[in-house]
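Visitor: Can you read through this structure? Questions will come right after.
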Amino acid sequence: MAQQGNFKSPSRMGGLGDGASPSSAGAVSAGKPRVPGLKEVDFERRSFLGKIVGGIGAAVAISTLYPVIRYIVPPVKKFSNLNELVVGKASEVPENSGKIFQFNKDKVIVINDNGKLTACSAVCTHLGCLVHWDNALNLIACPCHGAKYKQTGEIISGPQPLPLPAFKARVEGENLIIAKA
Ligand code: FES
Numbered sequence: 006m007a008q009q010g011n012f013k014s015p016s017r018m019g020g021l022g023d024g025a026s027p028s029s030a031g032a033v034s035a036g037k038p039r040v041p042g043l044k045e046v047d048f049e050r051r052s053f054l055g056k057i058v059g060g061i062g063a064a065v066a067i068s069t070l071y072p073v074i075r076y077i078v079p080p081v082k083k084f085s086n087l088n089e090l091v092v093g094k095a096s097e098v099p100e101n102s103g104k105i106f107q108f109n110k111d112k113v114i115v116i117n118d119n120g121k122l123t124a125c126s127a128v129c130t131h132l133g134c135l136v137h138w139d140n141a142l143n144l145i146a147c148p149c150h151g152a153k154y155k156q157t158g159e160i161i162s163g164p165q166p167l168p169l170p171a172f173k174a175r176v177e178g179e180n181l182i183i184a185k186a
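This note's numbering puts the first residue of the sequence shown at 6, with every later residue one more than the last.
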């Protein structure tokens, strides 16, 4: 019975230090400050290494995905918006022929009908196929659904709802120039 009395006595509790409870881990001896344990240092090191590994992983992912995305998504072309432009040489469109040129953002067909130049959009107003000059029939034809246009772009026949927008074409020296109508 005397042993039970000693266990709860203040003299034995004092050996645990101020503020310590009898149920604490008891690893800290009285009077010594608590020093960060190995577990805390290890945790900080793991966190730091985790950030480095994450950063490297992100860099590898970006460097791998960037060319794939550039391949899938074509670059946006920047077009000029000029009133007129030298698009090529006059010799590129000999008599009784037609040729498509890029003019700003538009594709324009220039037709040389016995020395008379005309120009209009080369994009069919039905569903957007590129037209061509049919010299035998003396008209602009669309290969997709049979639309036919005059060389000035007006509708002859076919499913297209609108004429081809007109442009101007002229020769200066050797140069072929297309201009907005
Ligand atoms: S796209 Fe030209 S006729 Fe249909």
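Glycine included, C-beta positions come from ideal geometry on N, C-alpha and C. Just so you know, these numbers come straight off a predicted model, no measurement behind them.
Should residue 103 go down as buried or exposed, given a rule of 16 or more other Cβ atoms within 10 Å for buried?
Guide: A residue is called buried once 16 or more other Cβ atoms fall within 10 Å of its Cβ, and residue 103 is buried on that count.
Visitor: Kindly indicate which three-state DSSP category residue 157 falls into: helix, strand or coil?
Guide: Shown here, residue 157 sits in coil according to DSSP, grouped into three states, outside any helix or strand.
Visitor: Would the C-beta of residue 165 count as close to the ligand FES, meaning under 7 Å from any of its heavy atoms?
Guide: yes
Visitor: Any chance the CB of residue 70 is under 7 Å from a heavy atom of the ligand FES?
Guide: no
Visitor: Sorted by chain position, which residues of the same chain lie with C-beta nearer than 6 Å to residue 175's C-beta, five sequence neighbours on each side aside?
Guide: Take residue 175, set aside five residues on each side of it, and the residues of its chain with a beta-carbon closer than 6 Å to its own are 182, in chain order.
Visitor: Hey, would you say residue 129 sits closer than 8 Å to residue 114, going by beta carbons?
Guide: no
Visitor: With a threshold of 7 Å (Cβ to nearest heavy atom), would residue 127 be considered close to the ligand FES?
Guide: no
Visitor: If you scan the stretch 37-117 from start to end, which runs of the alpha helix (DSSP H) of 4 or more residues do you find wholly inside it?
Guide: 43-77
Visitor: Ordered along the chain, which non-local residues of its own chain (more than five positions away) have a Cβ less than 7 Å from that of residue 97?
Guide: 104, 181
Visitor: Who are the near neighbours of residue 143 in its chain, counting only those whose CB is closer than 8 Å to its CB and skipping five residues on each side?
Guide: So the qualifying residues of the chain are 118, 156.
Visitor: What's the call for residue 71, buried or exposed, on a 16-neighbour Cβ count within 10 Å?
Guide: exposed
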